[in-house]
Amino acid sequence: SSETAKSDFMQRVAMQEKEERVESDYLNLHEFDHKGRSFLYYTTSGDYIKKCVETHSNQSTFTSHRDKNGDSALLYHAKKARWDVINTLQQLPGVTLDDENRLGSSILHQLARSHVKTPVPDNSFPEEKRIILNQILGQHDKLLSSADICQQTALHVAALSGNQAMVQFMCE
Numbered sequence: 022s023s024e025t026a027k028s029d030f031m032q033r034v035a036m037q038e039k040e041e042r043v044e045s046d047y048l049n050l051h052e053f054d055h056k057g058r059s060f061l062y063y064t065t066s067g068d069y070i071k072k073c074v075e076t077h078s079n080q081s082t083f084t085s086h087r088d089k090n091g092d093s094a095l096l097y098h099a100k101k102a103r104w105d106v107i108n109t110l111q112q113l114p115g116v117t118l119d120d121e122n123r124l125g126s127s128i129l130h131q132l133a134r135s136h137v138k139t140p141v142p143d144n145s146f147p148e149e150k151r152i153i154l155n156q157i158l159g160q161h162d163k164l165l166s167s168a169d170i171c172q173q174t175a176l177h178v179a180a181l182s183g184n185q186a187m188v189q190f191m192c193e
């Protein structure tokens with residue numbers, strides 16, 4: 022069944038990450054699960070991704086792969102608010118920061134939707150998140166005004182999602 026295959030795939034990813042195994046005969050960067058996602062979508066460690074890319078430098082094109090929803094690994098991790106992984110991925114060859122999925126959602130749209138539901142005392146981002154967002158916007162400032170398929174900008178999405186920290190950041 023597809024659920025069993027997904028479970029097996031995710032267990033292998035977790036084991037590889039835990040053991041930090043990146044030998045070329047063990048890690049296949051082009052192995053995908055039933056949703057078209059490689060290990061890069063499921064790993065939660067930016068350091069592990071760096072190590073894998075360094076080991077497999079001739080396979081850097083895997084970073085631009087899309088799953089069945091049209092999400093790249095960068096967009097997928099933005100949706101999950103994995104800031105460490107986002108920071109690592111944005112520095113890799115083949116990663117496009119102004120990337121959009123099939124619904125026209127950019128990295129800012131995904132981050133706007135993905136905030137933690139607990140309130141932030143001063144409704145602001147920690148400095149490391151500000152740095153990442155400033156790097157992204159420094160290269161692609163048009164992301165602030167780009168609309169998705171529903172004609173919503175990331176600011177609209179952040180406001181609708183109740184992401185006060187992101188709204189405040191984008192209005193500064």
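End of the sequence shown = 193 in this note's numbering, gap-free, step of one. For glycine and all other residues, C-beta sits at the position ideal for the given N, C-alpha and C.
Taking the continuous alpha helix (DSSP H) assigned at residue i, which residues delimit it?
i    : result
V188 : Q185 to C192
S182 : A175 to S182
D105 : W104 to L110
I170 : No alpha helix (DSSP H) holds I170; DSSP gives it neither H nor E.
M148 : It should be pointed out that residue 148 corresponds to Glu in this sequence rather than to Met. First-last of the alpha helix (DSSP H) with E148: E148 to Q160.
V113 : Before going on, a small fix: residue 113 reads as Leu here, not Val. From DSSP, L113 is part of no alpha helix (DSSP H); its letter is neither H nor E.
Within 10 Å of its beta-carbon, does residue i have 16 or more other beta-carbons around it, so buried, or fewer, so exposed?
i    : result
E193 : exposed
I170 : exposed
D120 : buried
S166 : exposed
N155 : exposed
L176 : buried
D54  : buried
Considering only C-alpha positions, which residue in the set the options is nearest to residue i?
i    : options                   : result
A99  : Y69, Q173 and K150        : K150
M187 : T117, P114, A102 and K163 : A102
I153 : N122, V106 and G125       : V106
L263 : C171, L129, E148 and I170 : In the structure as shown, the chain begins at 22 and stops at 193. Residue 263 is therefore absent and cannot be evaluated.
P114 : L158, R123, Q172 and K71  : K71
L118 : L158, R87 and Q185        : L158
R58  : K89, D68, Y69 and D29     : K89
T64  : Q189, Y97, E148 and D162  : Y97
Would DSSP call residue i helix, strand or coil?
i    : result
Q80  : Bear in mind that a pLDDT of 49 at Q80, under 50, signals an unreliable position, so the number given afterwards is only what the model happens to contain. Residue state, collapsed to three classes: helix.
L95  : helix
G67  : helix
H130 : helix
K100 : helix
L124 : coil
L118 : coil
K163 : helix
Taking 6 Å as the line, does the beta carbon of residue i fall inside it for any heavy atom of the ligand NAP?
i    : result
R103 : This structure simply doesn't include the ligand NAP, nor any ligand for that matter.
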